[in-house]
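These protein sequence lines map, in sequence, to chains A and B. Numbers 1 to 240, taken from the numbering used here, label the letters of the first sequence in order. Numbers 1001 to 1240, taken from the numbering used here, label the letters of the second sequence in order. Comments concern the structure below.
2 protein chains.
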Amino acid sequence: MWSDHIKYHGPMRTHQLVLSWIEAELSEGRLAVGGRLPAERTLAEQLKVSRTSVREAIRILEAMGVVRAGVGSGPDAGTVVISDPTAALGSALRLHVATQHLPVADIVETRMLLESWAASRASPEAPELEEAGKLLDEMAVEGLDVDEFLALDVRFHLALADAAGNAVVSAMMGSLRESIQRYAAQLTSSLPDWEATATRLKAEHCGILAAIRNGDGDRAARLVAAHIEGYYREAGMGRP
Amino acid sequence: MWSDHIKYHGPMRTHQLVLSWIEAELSEGRLAVGGRLPAERTLAEQLKVSRTSVREAIRILEAMGVVRAGVGSGPDAGTVVISDPTAALGSALRLHVATQHLPVADIVETRMLLESWAASRASPEAPELEEAGKLLDEMAVEGLDVDEFLALDVRFHLALADAAGNAVVSAMMGSLRESIQRYAAQLTSSLPDWEATATRLKAEHCGILAAIRNGDGDRAARLVAAHIEGYYREAGMGRP
DNA sequence: TACTTGATGTGGTCCGACCACATGGCCTAC
DNA sequence: GTAGGCCATGTGGTCGGACCACATCAAGTA
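Here it is as structure tokens:
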């Protein structure tokens, strides 16, 4: 006798009570990013629950990227509210990839979708493009090893995603990259000629950035899609 | 002296050790969906940690939609591995919306992006379209109240997303809807003429489904985008 | 045969203790 | 008067043990 879209959650467990209290505090604005939660022992007493349950709730919030816990005294101590959606989505996706219920191919496809949309929407004047340009300069120097190059590559792509100005898309992009990072590194090691690939990637990066700066979103989107698709194809994904 | 893309995680906390053990078991295939974790007390003894830490790890996995914990004996008891990515993404997004760091407008925009992509990619023969058609029939009957209609509407849209065959996109779609469900319900109550709106929505649903069945993905995508955008505009979002 | 009852094993909750850590103020030595 | 060391305080982190509610199953009983 329950509506379809309202799940029956049984008797609420204690840590969920704590969770909803904190979520309410956030929604009502009594708790904001940068603010601190009451100390665990205090909160336990206030809510008439055990410290154990409070801690379980905080663990969840921490895993969700909503809170950061620090020991000791001073500015870094206590449990403070942060906002890192990428952390939550990233570890969730990684775990579900581990269960083999999220195919890596679907993640790559989703990444192409989000990233080409972002490229087509990015404003030519977005400040993030500055950052992206600087990253390209860093990638251009000689003697970079593979890991360094890849780290810069990640940041370049994230900067492009940020330039579209949609926080949800940015967070999802970041988490997708994170969830398949290990996998991607593995792919890279199987490339026939890394130097050649790196040169090509750099050229494509420049093309993408130029297209965005010229206001040609459609072209940028096409280039991004080709860029990503080409990389994974060259690395031998999908067609074993 | 740590590479850019490898974060230094300080001394690993005990529950994280449990977490990585379980994640490894999943990755190595020793633990799969439907399988059960060792009992909390057993696992604690195996890993030489306290039951508290084991429980914290399990709490996180539960919040991530990776396991389900059940008391008592029998088939529903114990901690069993499931796979519900939507749960994780949904609560994460909802929490971050609460912190006001994820604008609702960005979520709506992302939903439009994902859903129109799904419509353009859906195969005309996808079995999910059967389901979608049945849902349209149910929505056509007279005397449905608003909540019932909305519940069917959600399922219709999710069915379309599933028809594209990308698990990541499906999960993200579901979580986006979940995270703004309360908000959407609030919007709906402010509609000037619900009956008229419902009639229009039903007509647009039929048009979308027909376009997909005809293999006209581009048209379907355009219709979906207009469908969603029109709804939120009519309800007064964005342009106050 | 049908019912009751207890043993067993599960997660759920709570408590009290101790640890490591970081700060701040007090107290001492110079 | 100042500089240094030291301890009180408060934070999260971990642990072990206890008890509860619940569901099943097997043994005993009517």
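Beta carbons: idealized from backbone N, C-alpha and C, even for Gly.
Who are the near neighbours of residue i in its chain, counting only those whose CB is closer than 8 Å to its CB and skipping five residues on each side?
i	result
residue 1219 of chain B	1211
residue 190 of chain A	235, 236
Suppose contacts are defined by Cβ-Cβ distances below 7 Å. Is residue i in contact with residue j by that definition?
i	j	result
residue 1053 of chain B	residue 1096 of chain B	no
residue 305 of chain A	residue 119 of chain A	This structure does not reach residue 305 of chain A, given that chain A is present from 1 up to 240, and the question cannot be answered.
residue 1224 of chain B	residue 1045 of chain B	no
residue 121 of chain A	residue 164 of chain A	yes
residue 132 of chain A	residue 209 of chain A	yes
residue 1150 of chain B	residue 1135 of chain B	no
residue 1018 of chain B	residue 1069 of chain B	no
residue 1031 of chain B	residue 1081 of chain B	yes
residue 55 of chain A	residue 1059 of chain B	no
residue 1232 of chain B	residue 1108 of chain B	yes
residue 1268 of chain B	residue 1036 of chain B	Missing from the structure shown is residue 1268 of chain B; chain B here goes from 1001 to 1240 and no further.
I want to see whether chain B comes within less than 7 Å of residue i, judged by CB atoms only; does it?
i	result
residue 107 of chain A	yes
residue 21 of chain A	no
residue 241 of chain A	As displayed, chain A neither begins before 1 nor continues past 240, which places residue 241 of chain A out of reach and without an answer.
residue 83 of chain A	yes
residue 194 of chain A	no
residue 27 of chain A	yes
residue 42 of chain A	no
residue 232 of chain A	no
residue 99 of chain A	yes
residue 227 of chain A	no
residue 205 of chain A	no
residue 96 of chain A	yes
residue 198 of chain A	no
residue 33 of chain A	yes
residue 221 of chain A	no
residue 135 of chain A	no
residue 47 of chain A	no
residue 37 of chain A	no
Can you name, in chain order, every residue of its own chain whose Cβ lies under 7 Å from the Cβ of residue i, other than the five neighbours on each side?
i	result
residue 1162 of chain B	1128, 1170
residue 205 of chain A	136, 156
residue 1179 of chain B	1090, 1093, 1094, 1097, 1107
residue 138 of chain A	152
residue 1257 of chain B	It is not possible to answer for residue 1257 of chain B, since the shown part of chain B is limited to 1001 through 1240.
May I ask whether a heavy atom of the ligand HEM can be found less than 6 Å away from the beta carbon of residue i?
i	result
residue 1132 of chain B	The ligand HEM is not part of the structure shown, which contains no ligands of any sort.
To the nearest angstrom, how far is the alpha carbon of residue i from that of residue j?
i	j	result
residue 166 of chain A	residue 89 of chain A	16 Å
residue 1229 of chain B	residue 192 of chain A	47 Å
residue 22 of chain A	residue 1215 of chain B	47 Å
residue 1187 of chain B	residue 1236 of chain B	8 Å
residue 1106 of chain B	residue 113 of chain A	16 Å
residue 183 of chain A	residue 194 of chain A	17 Å
residue 1027 of chain B	residue 75 of chain A	38 Å
residue 20 of chain A	residue 1185 of chain B	20 Å
residue 1227 of chain B	residue 1196 of chain B	14 Å
residue 1213 of chain B	residue 1154 of chain B	20 Å
residue 1147 of chain B	residue 24 of chain A	24 Å
residue 1130 of chain B	residue 1073 of chain B	38 Å
residue 29 of chain A	residue 202 of chain A	45 Å
residue 181 of chain A	residue 1200 of chain B	45 Å
residue 1117 of chain B	residue 117 of chain A	10 Å
So, at 6 Å on beta carbons, what are the nonlocal neighbours of residue i in its own chain, with the 5 sequence-adjacent residues on each side left out?
i	result
residue 168 of chain A	none
residue 1034 of chain B	none
residue 1123 of chain B	none
residue 1126 of chain B	1163
residue 217 of chain A	120
Quick check: is the beta carbon of residue i nearer than 7 Å to any beta carbon in chain A?
i	result
residue 1064 of chain B	yes
residue 1060 of chain B	yes
residue 1169 of chain B	yes
residue 1079 of chain B	no
residue 1110 of chain B	yes
residue 1161 of chain B	no
residue 1004 of chain B	At residue 1004 of chain B the pLDDT is 37, less than 50, meaning the model places this residue with poor confidence and gives no usable figure here.
residue 1113 of chain B	yes
residue 1144 of chain B	no
residue 1166 of chain B	yes
residue 1092 of chain B	yes
residue 1102 of chain B	yes
Problem set entry | Contact between the stretch 1090-1104 of chain B and the stretch 1135-1147 of chain B (3+ Cβ pairs under 8 Å) | no
Problem set entry | Cβ pair count under 8 Å reaching 3, the stretch 1079-1089 of chain B against the stretch 1169-1189 of chain B | yes
Exercise. Does the stretch 1044-1061 of chain B come within contact of the stretch 1012-1027 of chain B, defined as at least 3 CB pairs closer than 8 Å?
Worked result: yes
For this session: Report yes or no: do the stretch 1060-1067 of chain B and the stretch 1038-1046 of chain B share at least 3 C-beta pairs separated by less than 8 Å?
Result: no
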